[in-house]
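Each protein sequence line maps, in turn, to chains G and P.
So for the first sequence, my numbering puts the first residue at 688; every next one is plus one.
So for the second sequence, my numbering puts the first residue at 445; every next one is plus one.
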Amino acid sequence: EAGVTQFPSHSVIEKGQTVTLRCDPISGHDNLYWYRRVMGKEIKFLLHFVKESKQDESGMPNNRFLAERTGGTYSTLKVQPAELEDSGVYFCASRSNGYGYTFGSGTRLTVV
Amino acid sequence: DQQVKQNSPSLSVQEGRISILNCDYTNSMFDYFLWYKKYPAEGPTFLISISSIKDKNEDGRFTVFLNKSAKHLSLHIVPSQPGDSAVYFCAASASGSARQLTFGSGTQLTVLP
């Protein structure tokens, strides 16, 4: 079984630019989550999809962040325009119906 | 306001000895607790979990203890091995929250050969 795939693994962009992160979950996993770790702190929840629907986006920092999940398969997280405080590692995770999450390796975003 | 706290940012242990990592939580709605291990440049990987109806769960060298009255859990690794060196995250979830995880800030464990 293929794991959760995220790309790019690293992205360095200038403040004000746009960046799009992609996540391919494990096939058949209806639940897809985005989390973020900033400056070595705790990993924080951003949002949760069930299939193509946003179940909970209470963790999204502001309206510069837009997440989509096309046809209930892969998901994208767009940051537009990026700010310095958006730097961090963005993790995607998927889950079937049990408790078990599988995380991707993350995208390290650096805004300069 | 952190609902899950790991107050020790780092811990060093000699190989073969016991590693004890601690975690405190404040939200009494949490009913499922997990430990994840994270190596550099990788995502968190699941290690062990415990439901709030239990107070102990073992899996090989790893044991998680839950003290609900104190809102405290701990992860014991015995014996510790150099390959256990990683960042360990405590996480909690509540039923009805679509199993969204609330993480602590992590503890860097270093096992010295």
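Think of the CB as a built atom: it goes at the ideal place given N, C-alpha and C, for glycine as much as any other residue.
Since the structure is predicted, the reported quantities are computational estimates derived from the model, not experimental observations.
- At a Cβ-Cβ threshold of 8 Å, Ser696 (chain G) and Ser774 (chain G) do not count as neighbours.
- Not a single unbroken stretch of the alpha helix (DSSP H) spanning 4 or more residues falls wholly within the region 710-792 of chain G.
- Using a Cβ-Cβ cut-off of 9 Å, Glu486 (chain P) is close to Phe790, Ser792 and Gly793 of chain G, given in chain order.
- Here Asp445 (chain P) carries a coil assignment [DSSP, helix/strand/coil].
- In the DSSP assignment, Val691 (chain G) falls outside any beta strand (DSSP E), carrying neither H nor E.
- In this structure, P:Val508 is the residue among P:Val508, P:Asp475, P:Asn471 and P:Pro526 with its C-alpha nearest to the C-alpha of Leu491 (chain P).
- Residue G:Pro712 holds the alpha-carbon nearest to the alpha-carbon of Ser762 (chain G) among G:Ser698, G:Glu744, G:Phe752 and G:Pro712.
- Counting C-beta pairs with one atom in each stretch, the region 544-555 of chain P and the region 449-458 of chain P have three or more that are closer than 8 Å, which means they touch.
- Taking a Cβ-Cβ threshold of 9 Å, none of the residues of chain P is close to His716 (chain G); the smallest such distance is about 12 Å.
- Per DSSP, the beta bridge partners of Val457 (chain P) are P:Val555.
- Between the C-alpha atoms of Ala689 (chain G) and Ser714 (chain G) there is a straight-line separation of about 8 Å.
- Using beta-carbon distances, Gly527 (chain P) does not count as an interface residue toward chain G, since no partner is under 8 Å.
- Per the DSSP secondary-structure output, Glu502 (chain P) pairs in a beta bridge with P:Thr507.
- Neighbourhood of Leu545 (chain P) in chain G, by CB distance below 9 Å: Tyr720, Tyr722, Ile730, Phe732, Ala780 and Tyr788, in chain order.
- For Ala514 (chain P), the closest alpha carbon among the candidates P:Asp499, P:Ile521 and P:Ser524 is that of P:Asp499.
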